[in-house]
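A short write-up of the structure that comes next.
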Amino acid sequence: MIRERLISIWDKEKLSAPKLEKLTGIDRSSWYHLRNGKRRANEQDIEAIVQMFPQYAFWIASGQVAPEIGQTSPDYDEANRNLNQPNAG
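According to the working numbering, the sequence shown is numbered sequentially starting from 224.
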C-alpha cells in the first residue's frame, strides 16, 4: 500500500525516475524498480518523499488524511482545488 501511495504522488506531481534521482539522490534505477514492483519501498524512499512533500507524511504511512493538522493526500488536494473553481459543483 505504501508503494502505491508513493506512486500516486509521483503521478500527481508529474515526477519521473530521473527527476526523483536529481531531487533525492536515490538512483533512478531504484525508483524504476520500485514503480515496476521489482522491490518494496524502504525507509530511505519514504523519508525522501516525505522531505519533498511533508503534507503527505500521515497519508503515506496510514492511508488517511487529517486536514485539520495539514496532513492531506494528492487526491484530497486536487478535490479541494476543484471545489475552489467557479464551475465546481
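Yeah, the Cβ is synthetic: ideal placement off N, Cα and C, and Gly gets one too.
Put simply, the backbone Cα of V288 is about 5 angstroms away from that of W282. Going by DSSP, N305 is part of the alpha helix (DSSP H) stretching over P297 to L306. In the structure shown, A271 falls within a helical segment according to DSSP collapsed to helix, strand and coil.
When DSSP reads this structure, Q294 sits in a beta bridge with A289. According to the DSSP assignment, L229 belongs to the alpha helix (DSSP H) that extends over I225 to K235. Taken atom to atom, the span from the alpha-carbon of I230 to that of Y255 is near 11 angstroms.
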